[in-house]
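All residue numbers in the sequence shown are consecutive under the working numbering, ending with 458.
Yeah, the Cβ is synthetic: ideal placement off N, Cα and C, and Gly gets one too.
None of the values given here were measured: they were computed from a predicted structure.
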Amino acid sequence: MKILVIGSGGREHALAWKLAQSPRVFKVFVAPGNAGTASEEGVSNVPHASIAALIEFVKTESIALTVVGPEAPLAAGMVDAFKAAGLRIFGPTKQAAQLESSKDYAKSFMIRHRIPTAAYATFSDAGPAHEYIDRQGAPIVVKADGLAAGKGVVVATTTAEAHAAVDMMLVDNRMGAAGARVVIEECLEGEEASFIVLADGKHALPLASSQDHKRLRDADGGPNTGGMGAYSPAPVVTPAIHARVMREVIDPAIAGMRADGIPYTGFLYAGLMIDKRGGLKVLEFNCRLGDPEAEPILLRLKSDLVGLLDHAIDGTLDAAEAEWDPRVALGVVLAAEGYPENPRKGDVIEGLPEAGDDYRVFHAGTTLDGNRVVVNGGRVLCVTALGHNARTAQKRAYDVVSRIRFDGMQYRRDIGHRAIEARAKRSAAALTPGGSTPAAATPAPAAPTPAKPPADAA
Ligand code: AMP
Ligand code: GLY
Numbered sequence: 001m002k003i004l005v006i007g008s009g010g011r012e013h014a015l016a017w018k019l020a021q022s023p024r025v026f027k028v029f030v031a032p033g034n035a036g037t038a039s040e041e042g043v044s045n046v047p048h049a050s051i052a053a054l055i056e057f058v059k060t061e062s063i064a065l066t067v068v069g070p071e072a073p074l075a076a077g078m079v080d081a082f083k084a085a086g087l088r089i090f091g092p093t094k095q096a097a098q099l100e101s102s103k104d105y106a107k108s109f110m111i112r113h114r115i116p117t118a119a120y121a122t123f124s125d126a127g128p129a130h131e132y133i134d135r136q137g138a139p140i141v142v143k144a145d146g147l148a149a150g151k152g153v154v155v156a157t158t159t160a161e162a163h164a165a166v167d168m169m170l171v172d173n174r175m176g177a178a179g180a181r182v183v184i185e186e187c188l189e190g191e192e193a194s195f196i197v198l199a200d201g202k203h204a205l206p207l208a209s210s211q212d213h214k215r216l217r218d219a220d221g222g223p224n225t226g227g228m229g230a231y232s233p234a235p236v237v238t239p240a241i242h243a244r245v246m247r248e249v250i251d252p253a254i255a256g257m258r259a260d261g262i263p264y265t266g267f268l269y270a271g272l273m274i275d276k277r278g279g280l281k282v283l284e285f286n287c288r289l290g291d292p293e294a295e296p297i298l299l300r301l302k303s304d305l306v307g308l309l310d311h312a313i314d315g316t317l318d319a320a321e322a323e324w325d326p327r328v329a330l331g332v333v334l335a336a337e338g339y340p341e342n343p344r345k346g347d348v349i350e351g352l353p354e355a356g357d358d359y360r361v362f363h364a365g366t367t368l369d370g371n372r373v374v375v376n377g378g379r380v381l382c383v384t385a386l387g388h389n390a391r392t393a394q395k396r397a398y399d400v401v402s403r404i405r406f407d408g409m410q411y412r413r414d415i416g417h418r419a420i421e422a423r424a425k426r427s428a429a430a431l432t433p434g435g436s437t438p439a440a441a442t443p444a445p446a447a448p449t450p451a452k453p454p455a456d457a458a
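Right, dumping it as structure tokens:
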């Protein structure tokens, strides 16, 4: 069969690579793709086009399945249009994608279906928003209601910052329609994790857990980005937390969408905050795979992805199982000069290695200029490696990073630090009778940790 993947990032390179592995697939097209998808065996790029033009392309090429990577085409109704044309496509409808495309929709959905989330209020006028901020105090979080490509959230440590964010969105309209309403919510503390499932409208199949690194610089400094690196599994998602996420978040979300008459089919991503006492709240829903989370997750997936997507489209995920490589996968994002504000394009990338047994370089903002691979976007590459634990996966990934060069290349040196610290704490606890260690006397680990690394309950 032939498959079409929509998008051009590292997530889409990983999806196209994984789908092309299927014995049932002989061709994967990516619209528009990048230099990595252009060079992958069994994969070709096709130009970016309107939904109508893509429907024509799918019919002409007899493409059996379309998989949508990013949120924008989902929010624009691509799935609805393909289905109306009688074509097989994986992703949520426009209405269902509101779980990501409107924060107000997602918040009221969570409250209605008793899914734990931060307390909030929604405003379209600045006056009441300012009064609310003064009543609540700082820290406080101001979010644009609509899609803002990761730039719509201000975690304000002072009320002045929160007031400025409200003025920027509601008065100066700097985010356009996305900022015509704002959600203001309680600031949560803890450790974040990404919990992504496949959903078929009635059932959910969890993928392996993962953790992103949102800030540009080491030690979680600098501005927010789309994500500077990720690994899977996330030790903070212990088997006990995993079970609670399914029970308290995922199952009620799938049942709630169904009860609301908007059954949810597609990847569903719950961004979680897990506090020191194991308290669990949803920061956000996304209607797609995370990027860069997809790269380590898909590198660990041993099952045929086409088979899993078929189960999801046909409503039979309860009969599906996903098999995972027990190793840790860790991806380091290499970003362009000027990212995230103003990434510079055109720099030539050198030293790109062929994939090895335990690593792959997924492309994101790259394009071909003749035979040369050049920078074409903010996040350029995601170097992803497997190892028997987080430290060896990290070492392997950075070994590969050290071979790659382009002018202005920036990346974090500490991707995976939380997983490595969690493992060190577990080992220390295992060596001490009674399991308590000097480290445990200082702030406790983020969550109860099991005696051995979770094999990832997924
Ligand atoms: P979002 O676009 O909703 O993923 O938010 C981007 C980032 O802002 C999240 O990954 C968190 O790091 C942070 N964030 C969002 N909501 C909150 C909150 N209620 N409390 C603390 N941090 C938050
Ligand atoms: N890496 C975070 C996201 O995809 O939203």
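With DSSP as the reference, identify every bridge partner of residue i, one or two as the case may be.
i	result
Asn45	Val30
His363	Leu381
Asn286	Tyr269
Phe406	DSSP lists no partner for Phe406.
Ile6	Ala31, Val68
Leu386	Ala329
Ala149	Looking at the DSSP assignment, Ala149 forms no beta bridge with any residue, so it has no partner.
Ile140	Ala156, Glu186
Ile274	Glu191, Leu280
Report the rounded CA-to-CA distance for residue i versus residue j, giving the unit in angstroms.
i	j	result
Ala14	Arg300	11 Å
Ala219	Val333	15 Å
Asp414	Gly331	11 Å
Ala393	Val361	14 Å
Thr437	Ala429	Bear in mind that a pLDDT of 39 at Thr437, under 50, signals an unreliable position, so the number given afterwards is only what the model happens to contain. Using only the alpha carbons, I get a separation of about 6 Å.
Gly86	Ala75	19 Å
Arg88	Ala148	28 Å
Glu189	Lys276	9 Å
Gly315	Gly256	16 Å
Ser62	Gln21	20 Å
Pro235	Ala390	10 Å
His203	Asp318	6 Å
Ala156	Ala162	5 Å
Pro32	Ser44	9 Å
Val154	Met1	45 Å
Gly176	Glu354	43 Å
Val245	Gly351	42 Å
Ala294	Tyr132	37 Å
Asn34	Arg405	18 Å
Tyr120	Val400	44 Å
Arg418	Gly91	32 Å
Lys425	Ser50	51 Å
Asp104	Glu192	21 Å
Phe267	Gly222	29 Å
Gly10	Ala397	15 Å
Met228	Ala84	37 Å
Ser102	Gly127	22 Å
Phe82	Lys143	31 Å
Taking all protein chains shown into account, do 16 or more other C-beta atoms lie within 10 angstroms of the C-beta of residue i, making it buried, or fewer, making it exposed?
i	result
Arg24	exposed
Ile254	buried
Leu479	With the chain running from 1 to 458 in the structure shown, residue 479 is simply not present.
Ile111	exposed
His242	buried
Thr122	buried
Ser209	buried
Lys395	exposed
Lys461	Any question about residue 461 goes unanswered here, given that the chain covers just 1 to 458.
Phe26	exposed
Gly346	exposed
Val183	buried
Arg372	exposed
Ala335	buried
Gly146	buried
Asn376	buried
Pro233	buried
Asn286	buried
His213	buried
Indicate, with yes or no, if the ligand GTP has a heavy atom lying under 7 Å from the CB of residue i.
i	result
Pro292	Absence of the ligand GTP is noted for the structure shown, with the ligand AMP and the ligand GLY being the only ligands found.
Looking at chain D, is there any beta carbon in it that lies within less than 8 Å of the beta carbon of residue i?
i	result
Phe82	The structure shown contains no chain D; it is built from a single protein chain.
Open item on the list: Suppose only complete runs of 4+ residues qualify. What are the alpha helix (DSSP H) ranges in the region 107-135, listed by chain order?
Closed with: none
Open item on the list: List, from N- to C-terminal side, the alpha helix (DSSP H) runs of 4 residues or more that fit wholly inside the region 156-234.
Closed with: Fully enclosed alpha helix (DSSP H) runs of 4 or longer: 159-166.
Task: Given 8 Å, three or more beta-carbon pairs between the region 23-38 and the region 356-366 - done: With the cut-off at 8 Å, the region 23-38 and the region 356-366 touch.
- [ ] Return the chain-ordered ranges of every alpha helix (DSSP H) run that is complete within the region 302-379 and spans a minimum of 4 residues.
- [x] 305-314
Open item on the list: Whether or not the region 319-326 and the region 395-414 are in contact is what I'm after, with contact meaning three or more pairs of Cβ atoms, one per stretch, closer than 8 Å; do they touch?
Closed with: As far as the Cβ criterion goes, the region 395-414 does not touch the region 319-326, which means the pair count is below three.
Task: Complete alpha helix (DSSP H) runs within the region 60-104 (minimum length 4 residues, chain order) - done: 71-75, 78-84, 98-101
- [ ] Would you be able to state if there are at least three C-beta pairs under 8 Å between the region 276-288 and the region 124-137?
- [x] No, because fewer than three Cβ pairs between the region 124-137 and the region 276-288 fall closer than 8 Å, the two stretches do not touch.
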